[in-house]
Each structure stands twice: as structure tokens, then as C-alpha cells.
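Colleague: Numbering (my numbering), first residue to last: 6 to 198.
Below you will find the structure I want to go over with you.
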Amino acid sequence: AEREVREQREAKASLMRRLRRDVEAQKARVAMLANQEKALLELIQGIRQGLMQPERQQTGKPVRKLKGRLPWPLPSGRIVASFGSRPAPGLPRLAGVELAPRQTREVRAIASGQVRYADWFGGYGLMLIVDHGDGVISVYAHNDALYREVGDWVEQGETLALAGSTGWSSRVRLYFELRDNGKPVNPKLWCRR
Numbered sequence: 006a007e008r009e010v011r012e013q014r015e016a017k018a019s020l021m022r023r024l025r026r027d028v029e030a031q032k033a034r035v036a037m038l039a040n041q042e043k044a045l046l047e048l049i050q051g052i053r054q055g056l057m058q059p060e061r062q063q064t065g066k067p068v069r070k071l072k073g074r075l076p077w078p079l080p081s082g083r084i085v086a087s088f089g090s091r092p093a094p095g096l097p098r099l100a101g102v103e104l105a106p107r108q109t110r111e112v113r114a115i116a117s118g119q120v121r122y123a124d125w126f127g128g129y130g131l132m133l134i135v136d137h138g139d140g141v142i143s144v145y146a147h148n149d150a151l152y153r154e155v156g157d158w159v160e161q162g163e164t165l166a167l168a169g170s171t172g173w174s175s176r177v178r179l180y181f182e183l184r185d186n187g188k189p190v191n192p193k194l195w196c197r198r
């Protein structure tokens, strides 16, 4: 009986150690995501401050005049995580949406603009940022491949990337964010279904 009690105590102690490690790992993940979100904001602010002067004239209508009529970057994709939602308890709210591809994984430009970032970015994985002028930028993350480089000009509907599972995404997804003068805005207000 004494041995059985001792084994139960050891099992409980082991469980408590494991739970503490899990809690610490979750806290570290939350801190990492918060740091990456802050780093993304700093990157976007740098783009806004230093690079927002278009090097050539935009083609077509200014992006603001297309608000509410822009295409989604994954034409047949479905929203699996909404703007402002929390991916998990304790994690920061999403400043964009997560889309799951249905028919194609091709990520397309929502409007014409210039690529300002195209590289790996921590938990966001392979990420691409397009400056549409007038303070509006779009962010496309978790891609498996990027088809455009910094400085490239893109037109609405051009393929930018291939949605994937890079960074902290474990499933094929596209994280899509829109910012208006540096502030996250709900893509549902800008893009049409």
C-alpha cells in the first residue's frame, strides 16, 4: 500500500512538472507571437515612412475607389479565422484573416502596386507585402513559394505566391492582412465575395 501511494505521488509530481513545462511553453509561444506581431508593425511602419513614394504611376483606379469591390487573394478560398478573432486562448487577436484554399493555392494581388517585402518573416513564414499607394498595403503570409521580388510592380489578379504552411501555420493557409495608413482594417470591408 505504501509503495502504491508513493507511485501515485510520483505520478502526480511528474504530471505537475509536465503541466508547468506546457504552461511555460505556451507563455513563450504567446510572447514570441506578440514579438513577431510587433516586428511586423515595425516593418510596415518602415515601409510607410521610407518607401511609400511610388516610383511609377499606378495603373487603373486608385485602391481607395475600389474599396468594397476588391477581389480576395484566394478567389475560391474560405475564411477559417476572422479579423479580430483569437487563434487560441491567450494569443493576440488577428489583424487580418486566415483563408483556406479550395480550388487553387495561387495567391493573387488584390490591386495593382509595388512589392515592398518578399522574404521569410519568423512565424509568418514566407511573406509578401504590396504597397498599393495612398497608404494602403496588403500582406500575404504562410506561403510555400513567392513569385515576385521587392521592387516588382504587380497588377490586380497577378499571381504573387503559392499558399502554404510556412511559419507557425501547420495547415495550408493564407494569412491576409490589409492596412490603411498603418492600421489593420477588416478585409471583408474591402474585398467582395
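Heads up, the beta-carbon is just placed ideally off N, CA and C, and yes, glycines get one too.
Note that this is a predicted model, so its numbers are computed, not measured.
Please identify the residue among Thr171, Arg197, Lys72 and Asn186 whose C-alpha is closest to the C-alpha of Tyr180.
Modeller: Minimum Cα distance to Tyr180 is reached at Thr171.
Colleague: Please state if the CB of Leu75 and the CB of Ile49 are separated by a distance shorter than 8 Å.
Modeller: Going by C-beta atoms, Ile49 is not nearer than 8 Å to Leu75.
Colleague: Taking the continuous beta strand (DSSP E) assigned at Ala123, which residues delimit it?
Modeller: Gly118 to Trp125 is the span of the beta strand (DSSP E), which, as asked, contains Ala123.
Colleague: Let me know if Gln13 comes out buried or exposed under the rule of 16 or more other beta-carbons within 10 Å of its beta-carbon.
Modeller: By the neighbour-count rule (16 or more Cβ atoms within 10 Å), Gln13 is not buried but exposed.
Colleague: On the DSSP letters alone, give me the boundaries of the beta strand (DSSP E) that Asn148 sits inside.
Modeller: Element bounds for Asn148: Val141 to Leu151.
Colleague: Do you know whose CA, among Glu7, Glu9 and Val190, lies nearest Glu182's CA?
Modeller: Of the listed residues, the one whose Cα sits closest to Glu182 is Val190.
Colleague: Leaving out the 5 sequence neighbours to the left and right, which residues in its chain are closer than 8 Å to Gln41 when beta-carbon positions are compared?
Modeller: So the list reads Phe126, Gly127, Gly128 and Tyr129, once near-sequence residues are dropped.
Colleague: Indicate the three-state DSSP secondary structure (helix, strand or coil) for Ile84 in the structure shown.
Modeller: It is a strand residue.
Colleague: From the DSSP output, read off the bridge partner residues of Trp3.
Modeller: There is no way to answer for residue 3, as the model of the chain reaches only from 6 to 198.
Colleague: When the Cα atoms are used, what is the spatial distance from Ser90 to Leu96?
Modeller: C-alpha separation (whole angstroms): 10 Å.
Colleague: State buried or exposed for Val68, treating a residue as buried only when at least 16 other CB atoms are found within 10 Å of its CB.
Modeller: By the neighbour-count rule (16 or more Cβ atoms within 10 Å), Val68 is buried.
Colleague: Are Leu79 and Ala168 close, meaning C-beta to C-beta below 8 Å?
Modeller: Going by C-beta atoms, Leu79 is nearer than 8 Å to Ala168.
Colleague: Compare the beta carbon distance of Gly118 and Asp139 with 8 Å and say whether it is the shorter of the two.
Modeller: No.
Colleague: From Arg197, Met21, Val141 and Ile134, pick the residue whose C-alpha is nearest to that of Gly187; which is it?
Modeller: The residue with the shortest Cα to Cα distance from Gly187 is Val141.
Colleague: With a 10 Å radius around its C-beta and 16 neighbouring C-beta atoms as the bar for buried, classify Val112 as buried or exposed.
Modeller: Buried, by the Cβ-count rule.
Colleague: Rounded to whole angstroms, what is the Cα-Cα separation between Ala105 and Arg83?
Modeller: Those two C-alpha atoms are separated by around 5 Å.
Colleague: Output the distance between the C-alpha atoms of Met57 and Gln108, rounded to the nearest integer angstrom.
Modeller: Low confidence applies to Met57: its pLDDT is 46, below 50, so where it sits in the model is not reliable enough to give any reading.
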